[in-house]
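Chains as they are written, first to last, in our numbering: chain A, 1 to 628; chain B, 629 to 998.
Quick notes on the structure that follows.
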Amino acid sequence: MRESYLPQEETRDLQSRIYWLFGLIILALFGLLLRAWYLQGVNGKFYLELSENNRVRVVETPPPRGLIYDRNGALLVNNVPSFTLYVVLGDMPDPASVLPRLADLVGMTPEEMTRRLTFKKEDPFFPIKVKDDLTMREVALIEGHGLDLPGVKIEAEFKRNAIHGILAAHLLGYVGEITQAQLESGTYQNIRRGGIIGQYGIEQTFDSIIRGTPGQKRIEVDALGHEIRVLEVNEPQRGDDVYLSLDLNLQKVAEEALGNQSGAIVAMDPKNGEVLAMVSHPAFNPNLLSQGASSHAWEALLKDEGRPLTNRVIQGQYPPGSTFKIVLGAALLETKEATPASRVECRGFLPFGNRNFKDWKRGGHGSVDLHRALVESCDVYFYEMGNRLGIDTISKYSHLFGLGQQTGIELASEKGGLIPSTEWKRQARKEPWYPGETLSVSIGQGYVTVTPLQQTMMINVVANQGVLHPPQLLKKIRDQETGSIQEIPASEGKHIPVSPETFRVIQNALAGVVSDPHGTATGSKSQLVSMGGKTGTAQVIGLKGGVHGKLPDKFNDHAWFVAFAPVESPKIGVTVLVENGGHGGSAAAPLAKKVIEAYLGVAPSLEPEPMTVKSPAPPPPIAVRSEG
Amino acid sequence: MIDRRSIAGYDWLLFVVVILILGMGVLSIYSVTAASQARTPLYVKQIYWIILGWIVFLLMAWIDYHEIARFAYPIYALTLVLLVLVLVMGRSAQGAQRWLSLGFMNVQPSELAKISLLLVSAKYFSDYFPKKGLNLRQLLMPGGLVLLPMLLILKQPDLGTALAISSVFFSMVLVIGLRSKFLIYSSLLSLMMFPFLWQFFWSHLKDYQRERLRTFIDPTNDPTGTGYHIIQSKIAVGSGGLFGKGLFGGTQSQLKFLPESHTDFIFSVFSEEWGFVGILILFLLFFFLVLWGIEIAYKAKDVLGSLLAVGVIGLISFYFLVNVGMTLGVMPVVGVPLPLMSYGGTSMVTTMGLLGLLFNVKLRRFMLFY
């Protein structure tokens with residue numbers, strides 16, 4: 001043992017300062033206690049909120065979109081449940097081994113799979129959509145391998161489904177994820193990244209009505225973002241249903257009539273501007289696009305020379321050909337440049353300047369008045385009369401009839417067409433207008449271009465004796481919450497300054513086009529309905545652009561037919577355009593006849609009494625064809 | 629050999645206090661690790677460590693502290709050797725070399741350094757006891773004794789342990805006292821030297837340590853990196869409010885927003901689940917522990933015993949205050965455990981050993997012959 005004896009004073013010396021140490025520690029403890037009180041007592045609520053923000057995530061549940069019906073309540077577009085495959089990379093410890101196996105299960109190549117996943121990377125716990133619309137077999141396979149496939153999720157979702165597929169694809173349109181540009185544009189309120197909106201057609205135009213309100217799910221997550229449990233669910237609200245002016249049966253007939261040909265068919269009610277049918281071929285399958293087509297499929301669609309993504313009804317701009325003579329005829333009578341009795345001698349050509357303007361009929365039509373000129377589509381008559389009118393008068397009346405300007409239809413990217421004038425030529429081409437150019441315009445060639453929808457406006461004005469109704473697509477909206485139906489009022493008709501007498505003469509002549517044995521569409525004379533119309537054959541050669549690429553019959557003329565029926569009290573105006581179809585009388589007029597007969601309930605059958613009985617449904621066209 | 633009266637006094641109360649603090653630790657570890665699938669849950673392991681801790685406690689209480697102090701210098705020398713060895717051939721973990729493999733087990737010489745510095749300082753000051761307070765010359769020798777292992781530990785680097793060792797030394801110096809003249813001069817001098825010392829200190833820190841100090845000053849500077857610990861800990865403590873969220877109710881810790889929740893940040897877990905009331909009770913228990921230690925130091929038989937007790941109180945208080953300060957966001961994150969509560973065998977065994985030494989001093993205060 002050590003012997004150092006320690007006197008009591010020494011420890012006493014320490015004792016006084018031991019309290020210093022004690023005091024210091026107490027002071028520090030007290031300071032920390034104050035700090036704890038500051039955090040818990042004073043700011044407790046604030047930190048509680050922070051901890052709630054930490055653990056609670058608000059997840060949006062997409063709303064089912066409203067349904068789309070035709071005018072009679074036939075369902076056109078609905079939502080069907082589908083299974084979607086998601087991958088959460090943050091939950092996948094070993095993507096290199098899991099992903100190839102997953103790809104194998106759903107029939108993708110590993111490369112395709114990785115390409116999908118490398119595209120969004122910001123948040124590793126953001127579920128990335130890998131495949132839509134899994135088959136039940138794929139669902140079963142993946143669920144069966146559940147434990148071997150961490151980070152793989154299958155979600156039951158709704159996908160947009162156009163019941164008739166390709167039918168009226170351009171009108172109905174498709175939906176898709178909101179794009180970056182759309183997000184930044186500010187036009188879309190209350191929608192987040194990844195949200196689904198209408199991207200084309202009706203889906204796009206009436207998106208705000210159809211889209212609905214997203215629901216919210218408050219979930220508890222851990223620090224890694226894993227969902228622990230659901231705290232609160234706010235169900236999404238389905239969007240409102242819309243009823244279109246479209247007539248499904250008529251649309252089917254029109255689609256069938258056009259068949260595989262490129263072109264467009266529009267049918268409208270001239271009394272109120274309602275669009276009854278709208279066909280544009282070639283078309284796309286909206287279901288493929290709504291469900292997120294691969295970039296591959298997109299590229300194919302964009303590169304397709306048939307331009308299936310173009311809605312020819314509102315975006316195709318074609319020379320109107322002889323259908324334009326309707327406008328000239330009306331202008332002639334209104335300006336008193338000619339009376340119905342005024343005659344022109346047609347010898348098959350008209351010498352003008354230093355060239356001869358040819359008529360389509362070699363020998364000429366002889367001495368023709370306006371009626372015969374329209375019925376037989378005499379070119380020389382309109383060369384002569386067009387020259388008398390002058391380009392600016394032609395231009396003025398064209399605009400009155402709805403040509404060369406947007407119709408205002410509720411679809412995006414409508415084209416305006418072009419009606420030339422001296423003013424236009426001076427501004428656009430920096431050249432004066434040459435009188436010879438008026439002659440080309442007089443038969444619907446040269447600079448003049450129109451869309452099929454504008455053509456329908458024109459024929460509607462004729463059918464309606466001078467009242468023009470802008471096109472209308474929507475008939476009613478059914479409010480999802482209250483179930484109440486809101487009828488959309490008919491568009492306001494606009495009277496154009498053309499006398500009824502003029503229209504009587506024109507209507508008569510157009511009826512003659514079909515009914516007169518010399519008429520250009522006499523082959524399409526209906527035994528059942530009285531109809532009036534005008535053929536048009538628009539030359540493709542010499543057109544700028546050459547948009548029809550390498551189609552074998554690319555130099556063939558476009559065939560037009562504009563028609564209305566019944567002549568006595570018109571209920572329908574129809575435009576048919578068949579690209580490269582040849583003569584309007586043979587290629588387009590028969591299609592218009594089919595549509596008109598179908599609409600007026602006199603489908604080509606053995607029905608002996610036309611016009612009085614409305615058959616409930618037209619016979620299935622496919623069955624007819626298979627029998628024939 | 630052991631005086632019965634000491635047990636008969638209110639010492640049993642002290643055991644209750646220690647067991648209560650240990651229990652709070654186990655409960656908090658249980659709360660945050662209950663969901664884990666480990667074969668031996670961490671709270672069970674902690675109970676094993678507590679049992680081992682009590683054995684060490686008894687050992688350290690049993691052997692007369694004079695007997696232990698006799699080996700102060702050899703133990704000190706051994707510590708230095710091990711500290712050098714650990715730098716040369718130590719096992720590194722998380723960028724720091726702290727462990728020495730002995731083949732059958734890994735030891736952390738810096739833990740031994742705490743005990744040996746406590747012993748050697750108490751031994752030195754009691755052998756050369758300056759009656760009227762220390763002057764500079766008298767401080768040089770013990771200062772050197774402390775500085776040497778401190779620098780070696782800083783080199784590992786282990787800032788927490790290095791500072792802990794200095795806390796032993798400073799609490800002894802505080803109790804022995806400095807000569808007033810020396811006190812004035814030395815404060816002036818250190819004020820003048822401070823920029824240079826700081827420069828030296830700063831340049832010897834590792835990048836992550838500097839980062840920790842920076843984020844301590846402004847945690848929002850780096851909210852996902854080093855600042856994350858402080859921010860999440862403050863949220864955990866603050867959201868506990870007055871009465872806490874209850875056992876398993878702490879979302880910050882249960883959902884793992886709080887990192888290292890069962891080790892360095894066990895106090896945040898405890899505060900989130902038991903609130904200000906819980907903190908108050910824990911502080912009260914700790915206050916009793918300190919009071920008990922202070923009384924032992926005060927009534928110790930001799931200077932050696934008194935200084936040993938002072939060192940133990942200084943060391944344990946340092947850990948407690950720095951850890952709690954860190955979780956409350958008033959001290960930088962230096963990574964020191966909360967004594968008796970944080971999960972971990974090393975800390976548990978060392979702390980229980982220190983308490984054993986304290987009890988040792990108490991037991992021997994009525995001894996006349998030794």
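For each residue, glycine too, the CB sits at the ideal point set by N, CA and C.
Item                                                                                                                                                                        : Value
Which residues in the same chain have their Cβ closer than 6 Å to the Cβ of Gly981/B, if we skip the five residues on either side of it in sequence?                        : Val684 and Met688
Could you name the residues of the region 918-933 of chain B whose beta carbon sits closer than 7 Å to any beta carbon of chain A, in the order they occur along the chain? : Val918, Ile922, Ala925, Tyr926, Ala928, Asp930 and Val931
Taking Leu403/A and Val467/A to be in contact with their CB atoms under 8 Å, please state how far apart those CB atoms are, rounded to whole angstroms.                     : That pair is no contact at about 16 Å.
When we look at the beta-carbon of Pro93/A and count the other beta-carbons within 10 Å, is it buried (16 or more) or exposed?                                              : exposed
Taking the alpha-carbon positions, what's the Leu883/B to His857/B distance?                                                                                                : 14 Å
What does Gln40/A reach in chain B if we use C-beta pairs closer than 8 Å?                                                                                                  : Val865, Gly866, Gly868, Gly869, Leu870, Ser899, Gly903, Phe904 and Ile907
Give the interface partners of Ser799/B over in chain A, defined as CB-CB distance under 8 Å, in chain order.                                                               : Leu21
Where do the N-terminal and C-terminal ends of the alpha helix (DSSP H) with Trp920/B fall, by residue?                                                                     : Ile894 to Lys927
Tell me which residues share the same chain as Phe401/A and place their Cβ nearer than 6 Å to its Cβ, disregarding the 5 neighbours each side in the sequence.              : Val327, Met458 and Val461
Along chain A, which residues have their Cβ under 9 Å away from the Cβ of Gly942/B?                                                                                         : Leu21 and Ile25
Measuring CA to CA, which of Val80/A, Ile210/A, Asp148/A and Pro110/A is closest to Gln480/A?                                                                               : Ile210/A
Whose C-beta lies closer than 7 Å to the C-beta of Ser367/A among residues of the same chain, with five residues either side of it excluded?                                : Arg343 and Glu345
Over the uninterrupted beta strand (DSSP E) stretch that includes Ile781/B, give me the two end residues.                                                                   : No beta strand (DSSP E) holds Ile781/B; the alpha helix (DSSP H) holding it covers Leu764 to Lys783.
Closest Cβ-Cβ distance between Trp37/A and chain B: below 8 Å?                                                                                                              : yes
With a CB to CB cut of under 6 Å and the five nearest residues on each side skipped, what residues in its chain are close to Lys336/A?                                      : none
Which residues of the region 55-69 of chain A have a Cβ closer than 8 Å to any Cβ of chain B? Give them in chain order.                                                     : Arg55
Under 7 Å Cβ-Cβ, which residues of chain B neighbour Asp222/A?                                                                                                              : Leu883 and Lys884
Determine, for Thr879/B, whether the minimum Cβ-Cβ distance to residues of chain A falls below 8 Å.                                                                         : yes
Within 8 Å, do at least three Cβ pairs link the region 590-602 of chain A to the region 492-501 of chain A?                                                                 : no
Under 8 Å, do Leu134/A and Ile154/A count as touching if we go by C-beta distance?                                                                                          : yes
Pull up the distance between the alpha-carbon of Ser605/A and that of Glu423/A, whole angstroms please.                                                                     : Low confidence applies here, because Ser605/A scores a pLDDT of 43, under 50, leaving its location unreliable; read the following figure in that light. Their backbone Cα atoms lie some 53 Å apart in a straight line.
According to DSSP, what are the bridge partners of Met278/A?                                                                                                                : Val266/A
Identify the contact partners of Val229/A in chain B, using a Cβ-Cβ distance below 9 Å as the criterion.                                                                    : Position check: residue 229/A holds Arg in this sequence, whereas Val was assumed. Per Cβ cutoff of 9 Å: no residues; Arg229/A is ~11 Å from chain B at best.
The alpha helix (DSSP H) spanning Ser881/B covers which residue range?                                                                                                      : Thr879 to Gln882
For Ser82/A, report the span of its beta strand (DSSP E) as first-last.                                                                                                     : Leu75 to Val87
Quick one: Cα of Ile978/B to Cα of Ser664/B, how far?                                                                                                                       : Here residue 978/B is Thr; the residue named in the question, Ile, does not match the sequence. So the two alpha carbons sit approximately 27 Å from each other.
State the beta-bridge partners of Ala538/A as determined by DSSP.                                                                                                           : His558/A
Name the one or two DSSP bridge partners that Thr449/A has.                                                                                                                 : Leu418/A
In the structure shown, what three-state DSSP assignment does Glu492/A receive?                                                                                             : coil
Going along the chain, which residues of its own chain have a beta-carbon closer than 7 Å to the beta-carbon of Pro282/A, five neighbours each way excluded?                : Ser262, Gly306 and Pro308
At 7 Å on the CB atoms, spell out the chain B contacts of Asn43/A, in chain order.                                                                                          : Gly866
Only counting the same chain, and skipping five residues up and downstream in sequence, which positions put a Cβ closer than 7 Å to that of Val448/A?                       : Pro319, Pro320, Phe324, Leu418, Ile419, Pro420 and Val441
Along chain B, which residues have their Cβ under 7 Å away from the Cβ of Asp13/A?                                                                                          : Lys759
Given that Arg101/A touches chain B, what residues does it touch there, using C-beta distances under 9 Å?                                                                   : Here the premise fails: no neighbours, minimum Cβ distance about 25 Å.
Does any residue of chain A bring its CB to less than 8 Å from the CB of Ser945/B?                                                                                          : yes
So, under 8 Å CB-CB, Leu648/B and Leu913/B are touching, yes? Tell me the CB distance rounded to an integer number of Å.                                                    : 6 Å
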